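I have placed the structure first, in the form of structure tokens, so that the comments after it can refer back to it.
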Amino acid sequence: MLAEQIEDTDTAALPSLPITIRAGSPRDYDGMNALFAEIDALHRAARPDIFQEFDGPARSPAHVERILCGPASNMLVAASADGLAGLAVLLIRPPSEFTGAVPRVVVEIDTLVVLERHRRRRVGRRLLAACVEWARQRRATHVELVAHSFNTEAIRFYEAFGFSPSTQRMIMSV
Ligand SMILES: CC(C)(COP(=O)(O)OP(=O)(O)OC[C@H]1O[C@@H](n2cnc3c(N)ncnc32)[C@H](O)[C@@H]1OP(=O)(O)O)[C@@H](O)C(=O)NCCC(=O)NCCS
């Protein structure tokens, strides 16, 4: 009874969504496209000077297969009872040729997105933890990503996990 009362007043905390995190497969293509469509629309709405409307899926099956099968890339997916709830695209960055750079192995999170209807249910956090684990298994020294400055929610998400800003990319129309 008391527990129910406490739960009723705790409107901020949604229960974790049951998911399984696994490597993506070509069979996930439709679910992946639904996720890519959400993040593409978000970027387009905020930065129409950079991102444009397109017909059909922006990433072809061949493109997705290259990520899935490439020696330096992968896609992790969060599978829920009603399909994919999230995905992350991972790339192992080529080593720097600059001799002044400390030798590092960097895994880049190229895209990470959770379906809008499943957000704030710890899907993103678990996907991100799986990305870090994937990187550790490949002896990475760092995990890096780029977040657009407008995307304050994503920035807060990464900071809550332990990421911190490094460089600041500047842009000017000419
Ligand atoms: C960013 C994103 C992946 C987060 O996924 P999520 O499953 O909703 O995040 P989680 O539930 O795992 O949140 C973990 C923590 O991150 C922080 N966080 C997540 N979303 C947040 C938001 N909208 N505002 C502030 N903090 C947020 C919170 O600290 C949260 O913990 P809490 O819920 O216990 O407070 C999701 O909002 C998303 O897909 N956004 C659109 C795509 C995008 O911007 N991707 C990143 C591109 S760089």
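Numbering-wise (the numbering used here), the sequence shown opens with residue 70 and increments by one. Glycine is no exception: its CB is placed at the ideal position from the N, C-alpha and C atoms. Bear in mind the structure is a predicted one, so any value in this text is a computation, not a measurement.
- DSSP places Val183 within a strand segment (E or B) once states are collapsed to three.
- Inclusion of Leu153 and Asp109 in the CB contact set at 8 Å is not warranted, their separation being larger than that value.
- In this structure, ligand 1 has a non-hydrogen atom nearer than 7 Å to the beta-carbon of Val182.
- For Gly155, the enclosing beta strand (DSSP E) has its first and last residue at 152 to 161.
- Rounded to the nearest angstrom, the gap between the Cα atoms of Leu159 and Thr221 is 22 Å.
- Counted as a single uninterrupted DSSP element, the stretch harbouring Ala216 is not any alpha helix (DSSP H), since DSSP gives it neither H nor E.
- Within the same chain, Glu107 come within 8 Å of Glu185 by CB-CB distance, once the 5 residues on both sides are set aside.
- A Cβ-Cβ contact shorter than 8 Å links Val182 with Gly155.
- Relative to the non-hydrogen atoms of ligand 1, the Cβ of Ile108 comes within a distance shorter than 7 Å of at least one.
- Under the 10 Å beta carbon count, Ile240 is surrounded by fewer than 16 other beta carbons and is classified as exposed.
- Annotation for Ala114: the continuous alpha helix (DSSP H) segment containing it runs 98 to 115.
- Placement of the Cβ of Gly193 at a distance of less than 7 Å from at least one heavy atom of ligand 1 is found.
- Around the CB of Leu104, 16 or more other CB atoms lie within 10 Å, so the residue is classed as buried.
- Checking the DSSP bridge columns, you'll see Glu177 partnered with Leu160, Glu213.
- Bridge partners of Leu145 according to DSSP: Ala92, Ala157.
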